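Peer 1: All you need for our numbering is the position in the sequence shown, starting with 1, plus 217.
Virtual Cβ for every residue (Gly too), placed ideally from N, Cα, C.
Remember, it's a predicted structure, so these values are computed and weren't measured experimentally.
Input: one structure, supplied below.
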Amino acid sequence: MEPSTDTVSPARVLALQHLERVRKDDAYVEKLTADDADARTRRQARELVAGVTRQRRWLDFVLGEAYHGEYDSMEHRLRHILRLGLYELL
218 MEPSTDTVSP
228 ARVLALQHLE
238 RVRKDDAYVE
248 KLTADDADAR
258 TRRQARELVA
268 GVTRQRRWLD
278 FVLGEAYHGE
288 YDSMEHRLRH
298 ILRLGLYELL
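So, in structure tokens, the structure goes:
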């Protein structure tokens, strides 16, 4: 069952998909596109992916300090979601 995306911005959903592709396929951030998304959504998603990728070590440090458990064993998708959220907050 796929989680509902009714309340999530299309740019965030697209950014999450792209972060997963970057991790799985070693894809380049600049090459990531979505034909079904409008230009604004693609631009926002690209900025989120680039920012999270650029700040990944710092984001992981902050999240690792706040997380009660083994951060490195956390599911990749959840880590991407937390990184996106923290990047936008800070």
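What residues in its chain sit with their C-beta under 7 Å from that of residue 301, if we drop five residues either side in the sequence?
Peer 2: Excluding positions up to five away in sequence, the list reads 229, 232, 233, 265 and 269.
Peer 1: Whose C-beta lies closer than 8 Å to the C-beta of residue 237 among residues of the same chain, with five residues either side of it excluded?
Peer 2: Closer than 8 Å at the Cβ level, and outside the excluded window around residue 237, lie 293, 294 and 297.
Peer 1: When we look at the beta-carbon of residue 276 and count the other beta-carbons within 10 Å, is it buried (16 or more) or exposed?
Peer 2: By the 10 Å Cβ count, residue 276 comes out buried.
Peer 1: For residue 272, which three-state DSSP category applies?
Peer 2: Of the three classes helix, strand and coil, the one that applies to residue 272 here is coil, per DSSP.
Peer 1: Looking at the unbroken alpha helix (DSSP H) that takes in residue 293, where does it start and where does it end?
Peer 2: 293 to 306 is the extent of the alpha helix (DSSP H) around residue 293.
Peer 1: Just to check my reading of the structure: residue 280 and residue 303 have Cβ atoms closer than 8 Å, yes? What is that Cβ distance to the nearest angstrom?
Peer 2: Residue 280 to residue 303, Cβ: 6 Å. Contact.
Peer 1: Which same chain residues, not among the five before or five after residue 299, have their C-beta less than 6 Å away from its C-beta?
Peer 2: These residues qualify, in order along the chain: 280.
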